[in-house]
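Notes follow the structure.
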Amino acid sequence: MKSVYAILLCMTSVAVAQTSVTHAPFGKLPSGATAEIYTISNPEVKMRITTYGARVVSLDTKDRTGKMAGIVLGYDNVADYVADPKSYFGSVPGRYANRIALGKFSLEGKSYQLPINNTPNSLHGGTDGFASRNWIGHVIANGVEFTLVSPDGDQGYPGKLTAHVRYTLDGDTVKLQYSATTDAPTIVNLTNHAYFNLAGDGTPSILGEELTIDADKYTPIDPTSIPLGPLEPVAGTPFDFRTPHTIGSRINDTDTQLKNGAGYDHNFVLTGKSGVLHPAAKIYDPSTGRVLLVKTTEPGVQFYSGNFLDGTLPSRNGGKYQYRSGLCLETQHYPDSPNHPAYPTTELKPGQFYHSETTWTFTTQK
C-alpha cells in the first residue's frame with residue numbers, strides 16, 4: 012500500500028504537470044536583440060507572453076460550450092508591436108502607468124520633468140517607457156518572470172529601479188505579480204494594459220458586455236484626462252457599475268465626464284482594502300457566456316472602453332481593430348498621484364519593496 016506521503020506527492024506531480032511552459036523566438040527588434048515569446052497553458056487557459064514590453068500577446072479561454080478562443084487584442088509578430096507605440100496592447104507600462112500632469116512632479120524637494128507624449132501630459136512612463144523595452148524572461152513554476160533594470164534618470168525618473176513581473180497560471184486563474192526596488196527615492200505604478208473582448212478577439216464591439224466595478228467613487232478628470240482631485244460618488248451617474256450594466260447602455264449619455272474621456276477612461280476607487288487581494292471588476296459576455304473576474308491589491312482600476320481604437324490597427328484575423336472593440340481594466344494607483352498628496356502614495360524609497368498583485372479568473376455562465 013502506498014504511503015499517504017507518496018499519494019500526496021503523486022497528486023502534486025499531476026497538478027504541476029497540467030500547466031506547461033515553453034518559449035521560442037518572437038522576432039528581431041530594431042536594436043538587433045531577439046524578443047522571445049513564452050506559452051503558459053493548461054486545459055483551461057492558454058496564454059502567450061513576450062519579453063517585448065512583458066506583454067500578453069494572446070489569451071485563450073473556453074466559452075459556455077467548451078470552445079477555446081482568444082479574448083485579448085494583439086499581434087502575432089513583434090514587428091507589429093514595434094510599429095504601434097500608442098495602443099500598449101497587453102503591455103506593462105512604466106515606470107509610471109497612466110498620466111502625470113504636464114510631466115512634472117516633485118519628490119523630497121526636487122523637481123522632475125518627464126517626456127510629454129500625450130500632450131500636455133506624460134503617459135505610461137514617457138516616449139520610451141517599459142512597454143517598449145525588451146525584458147529578460149525566465150521560466151518559473153507554472154509561469155514566467157520578467158525582469159527589467161531602469162537606470163537612474165531613465166525618462167526623467169530618479170533612481171535605479173529593478174522591476175519584476177510574474178505571470179503564473181493555476182487552473183482557471185492567471186496571477187500577475189509586480190515587484191520593484193530602488194536605490195534612490197522614486198515613484199512607481201505598474202499594471203497590465205490588456206484589451207479584453209470576451210466575445211472573441213476581432214469581434215467588432217465590447218458595448219454589449221456587462222460590467223461590474225466594485226467602486227462607489229471615482230476620480231473625475233479634466234479635458235486632458237488628469238484627475239481634478241476630489242473623489243466623487245458614482246451614485247446617480249453613468250459611472251455607477253456597482254450592479255451590472257452593459258458598457259454601451261450609458262456611454263453616449265450627455266455627461267461632461269464621458270465627454271472628457273471620449274467615453275469611459277477613468278480611475279475607479281475600489282472599496283476593498285489596499286494591499287489585500289479584493290474584488291475589482293467583473294465582465295460577462297452574454298453571447299459566449301465567458302466571465303472574467305478581476306481581483307487586486309491595488310486601490311484603483313482604470314476602466315478604458317477602447318475609445319481611441321479607430322479601425323486603422325491590423326487585427327490578427329486579417330481585419331482591423333474597430334472603435335471600442337476592446338476594453339481595459341488596469342489595476343493601479345490613481346493617475347497623477349505624485350501631484351495629489353491626498354491620494355495613496357506611489358513613492359518608493361531605498362530599502363522598501365514595491366509589491367502588487369492582480370488575478371484574472373475565467374469562468375462561464377449560462
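Taking the working numbering, I'd label the letters of the sequence shown as residues 12 to 377. Even for Gly, the Cβ is constructed at its ideal location relative to N, Cα and C. Note that the coordinates shown come from a computational prediction; the quantities given were computed from them, not determined experimentally.
{"Check": "Taking only runs that begin and end inside the segment 67-95, name each unbroken alpha helix (DSSP H) of 4 or more residues, in chain order.", "Outcome": "89-93"}
{"Check": "For Asp-194, which residues in the same chain have their Cβ closer than 8 Å to its Cβ, ignoring the five residues on either side in sequence?", "Outcome": "Asp-163, Gly-170, Lys-171, Pro-361"}
{"Check": "If you draw a straight line from the alpha carbon of Pro-104 to that of Ala-191, how long is it in whole angstroms?", "Outcome": "14 Å"}
{"Check": "Does Asn-53 come out as helix, strand or coil in the three-state DSSP assignment?", "Outcome": "coil"}
{"Check": "Three or more beta-carbon pairs under 8 Å between the segment 292-311 and the segment 217-226, yes or no?", "Outcome": "yes"}
{"Check": "For the structure I just gave you, are there three or more beta carbon pairs, one from the segment 273-281 and one from the segment 227-240, closer than 8 Å?", "Outcome": "yes"}
{"Check": "Look at Glu-358 and Pro-238 and say whether their C-beta atoms are less than 8 Å apart.", "Outcome": "no"}
{"Check": "Using 8 Å for Cβ pairs, my map puts Asn-128 next to Gly-137. What's the rounded Cβ distance?", "Outcome": "6 Å"}
{"Check": "Compare the C-alpha of Thr-307 against each of Leu-269, Gly-167, Ala-65, His-366 and name the closest.", "Outcome": "His-366"}
{"Check": "Please state the DSSP three-state secondary structure of Asn-208.", "Outcome": "coil"}
{"Check": "Considering Cα atoms alone, identify which of Ser-133, Gly-182, Ser-143 is closest to Ser-52.", "Outcome": "Gly-182"}
{"Check": "Tell me whether the beta-carbon of Gly-140 lies closer than 8 Å to the beta-carbon of Tyr-178.", "Outcome": "no"}
{"Check": "How long is the line joining the alpha carbons of Ile-258 and Glu-368, rounded to whole angstroms?", "Outcome": "26 Å"}
{"Check": "List the endpoints of the continuous alpha helix (DSSP H) containing Lys-270.", "Outcome": "267-271"}
{"Check": "Relative to the C-alpha of Arg-3, which residue among Phe-319, Val-302, Val-56 is closest?", "Outcome": "This structure gives no information on residue 3, because the portion of the chain shown stretches from 12 to 377."}
{"Check": "Specify, as a first and last residue, the run of the beta strand (DSSP E) that Val-150 falls within.", "Outcome": "147-151"}
{"Check": "In angstroms with no decimal places, state the Cα-to-Cα distance between Thr-375 and Phe-157.", "Outcome": "30 Å"}
{"Check": "Counting pairs of beta carbons, one from the segment 81-93 and one from the segment 316-333, are three or more of them closer than 8 Å?", "Outcome": "yes"}
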